[in-house]
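Visitor:
Listed below in structure tokens is the structure:
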């Protein structure tokens, strides 16, 4: 069971539910990489002064990792598992995107073993400039 990319409805691929969804499209997927997109709505819980704040960007990064895991489960016909952020390292945010801007988040999977995933992440603005980056470890709930 596979899909055509981009996938515009990711609600079955991630465990998060509204209003806590910070990704809205799965652009591409491979065993070692996933790319998501998110158009920032005015009423997003992480919007302040018409900008998507730092916690929103970090949650967008984590949910992009969840998309990678969730799509793997979707292909097998299983529900997306719940996971948690285990650690965040080397996070750098240089710009906050504006409301209605579409950001693209690229995750490179470094290691994945026994429900623990270590990744490098880059977030790009509409002009394809990197506005945030970091390393994150996520852990699946047992």
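In the numbering used here, the protein residues as written are 102 to 243. Where is the CB? At the ideal position from N, CA and C, for every residue including glycine.
Okay, do the segment 148-165 and the segment 194-207 touch, 3+ Cβ pairs below 8 Å being the bar?
Guide: Yes: the two stretches touch, three or more of their Cβ pairs being nearer than 8 Å.
Visitor: Return the CA-CA distance between residue 166 and residue 179, expressed in angstroms with no decimal places.
Guide: C-alpha separation (whole angstroms): 17 Å.
Visitor: Is the segment 179-190 touching the segment 138-149, taking contact as three or more C-beta pairs under 8 Å?
Guide: With a cut-off of 8 Å, the segment 138-149 and the segment 179-190 do not count as touching, because too few Cβ pairs lie within range.
Visitor: Classify residue 160: buried if its beta carbon has 16 or more other beta carbons within 10 angstroms, exposed otherwise.
Guide: Residue 160 comes out buried.
Visitor: Name the residue from 189, 164, 170 and 158 whose alpha carbon lies nearest to the alpha carbon of residue 224.
Guide: Nearest of 189, 164, 170 and 158 to residue 224, Cα basis: 158.
Visitor: Alpha carbon to alpha carbon, how far is residue 116 from residue 181?
Guide: If you take the alpha carbons of residue 116 and residue 181, they lie about 6 Å apart.
Visitor: Give the C-beta separation of residue 218 and residue 239 to the nearest angstrom, bearing in mind that I take them to be a contact with Cβ-Cβ under 8 Å.
Guide: Correct: roughly 5 Å between the Cβ atoms.
Visitor: To the nearest angstrom, how far is it from the Cα of residue 136 to the Cα of residue 243?
Guide: Taking the straight line joining both Cα atoms gives about 26 Å.
Visitor: Are residue 114 and residue 172 touching if we call contact CB-CB under 8 Å?
Guide: Taking 8 Å as the Cβ cut-off, residue 114 and residue 172 qualify as a contacting pair.
Visitor: Fully enclosed by the segment 139-226, which alpha helix (DSSP H) runs are 4 residues long or longer?
Guide: For the segment 139-226, whole alpha helix (DSSP H) runs of length 4 or above, ordered along the chain, are 155-176.
Visitor: Where do the ends of the beta strand (DSSP E) carrying residue 128 lie?
Guide: That run of the beta strand (DSSP E) goes 126-130.
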